[in-house]
Structure formats: structure tokens, C-alpha cells
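Just so we're aligned: 154 in numbering that gives the first Met the number 0 is position 155 of the sequence shown, and the numbers increase by one with no gaps anywhere.
We put the CB at the ideal spot given by N, CA and C, even for glycine.
I have placed the structure first, in the form of C-alpha cells, so that the comments after it can refer back to it.
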Amino acid sequence: MLGNPALYGLPPEVLKEDVTLEERRADLIHSAATILDRNNLIKYDRKKGYFPVTDLGRIASYYYITHGTISTYNDHLKPTMGDIELFRLFSLSEEFKYVTYRRDEKMKLDKLLDRVPIPIAESLEESSAMINVLLQVYISQLKLKGHSLSSDMLYIARVQDVL
Numbered sequence: 000m001l002g003n004p005a006l007y008g009l010p011p012e013v014l015k016e017d018v019t020l021e022e023r024r025a026d027l028i029h030s031a032a033t034i035l036d037r038n039n040l041i042k043y044d045r046k047k048g049y050f051p052v053t054d055l056g057r058i059a060s061y062y063y064i065t066h067g068t069i070s071t072y073n074d075h076l077k078p079t080m081g082d083i084e085l086f087r088l089f090s091l092s093e094e095f096k097y098v099t100y101r102r103d104e105k106m107k108l109d110k111l112l113d114r115v116p117i118p119i120a121e122s123l124e125e126s127s128a129m130i131n132v133l134l135q136v137y138i139s140q141l142k143l144k145g146h147s148l149s150s151d152m153l154y155i156a157r158v159q160d161v162l
């Protein structure tokens, strides 16, 4: 941060007031600790500055699960969820944010939707529905044609092993 403050969006005036950027770094640590505490990944003691990790935080750290995914699971995961809800929740994981729907694959996805065992309520134009379909295709070991869908499915399969 000190070497190239502009890269971190810091105007030159900040360095004049906080030469070592100690306040800025403390703010970043506090913000990150607050987010992690809110998602039950750590227990943040603001007064003492301690933040011991929780079991959930240890798991998320070990498997590289984002705090956004943990937050989604904390908010929506219920003990009475069925397969439909579990697949939908899984498809909302932040790790899949770069898997996007492509219009040219609509027909292939429509055909796959008819072959997957668990119904999907969302429109296939939503990325989460596409992820849901491809996850079911992978688990069901259905054959898949098309390079881009195959690469998306392999990515989803690798991530699902972690989640």
C-alpha cells in the first residue's frame, strides 16, 4: 500500500496525514473482521481486538469458501429442506459467479432440463438454474455435448467437491 497508494485508491493527501497508513490498515482489518463475525466465521472482540476462528471459519478457510457463500447458507439452509431447495441453494453459491448463461446454449439446456431428475423452478436464463442443471447432469452422469457447457460442468464439479 505504501509502495503504490494509487493502486489501492488512496489519494496522496491520505499519506500526508497517515504516513504509515496505520489508520487505513486498522480500518480494513476492522471491516474484514466485522464481515467475518457477521457470518460466524470468527468471533470478533472489538474492545480487545481479538478474533478467534470458529469451526465454520476453519472449514471455510480450509476449503476456500467465500464469506458470501457462507452467508447465503447461514440465511437459507434449513434442516427440513428437500432436494429441490438444496440444489437451488447450492447453485446460489458465490463460487459460481463467473458461470454465466449463454443464449446459444438454450436449446441444449432445455433438452438437459428434461433429463435431470430434480425439477428446477427458475428460468434457464438465470445462471443459478444453469448451474443447477449442470450439477445434476454431473451427479447423474448424463452425457453432455458442447465444449462450453462441458467446461462449465467440470468447473461446477470441481467446486461442488469442496462445497
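Do you know offhand how far residue i's Cα is from residue j's?
| i | j | result |
| --- | --- | --- |
| residue 127 | residue 87 | 7 Å |
| residue 137 | residue 29 | 41 Å |
| residue 157 | residue 130 | 13 Å |
| residue 146 | residue 102 | 15 Å |
Near residue i, what residues of its chain come up, given a Cβ to Cβ distance below 8 Å and the 5 sequence neighbours on each side ignored?
| i | result |
| --- | --- |
| residue 53 | 39, 40, 41, 42 |
Would you list the one or two residues that DSSP bridges to residue i?
| i | result |
| --- | --- |
| residue 43 | In the DSSP output, where bridge partners are listed per residue, residue 43 has none listed. |
| residue 7 | According to DSSP, which records beta bridges pairwise, residue 7 is partnered with nothing at all. |
| residue 13 | Paired residues: none, contrary to the question. |
Give me the Cβ distance between residue i and residue j, rounded to the nearest whole Å; I'm assuming they're in contact under 8 Å.
| i | j | result |
| --- | --- | --- |
| residue 116 | residue 135 | 6 Å |
| residue 66 | residue 35 | 6 Å |
| residue 83 | residue 118 | 6 Å |
Got a sec? Which residues, its chain only, sit under 6 Å from residue i by beta carbon, not counting five neighbours each side?
| i | result |
| --- | --- |
| residue 90 | 127, 130, 131 |
Going by the beta-carbon positions, is the gap between residue i and residue j smaller than 8 Å?
| i | j | result |
| --- | --- | --- |
| residue 71 | residue 94 | no |
| residue 148 | residue 162 | no |
| residue 23 | residue 9 | yes |
Could you pull out every residue in the same chain whose Cβ sits closer than 7 Å to the Cβ of residue i, ignoring the five residues on either side in sequence?
| i | result |
| --- | --- |
| residue 61 | none |
| residue 108 | 123, 129, 132 |
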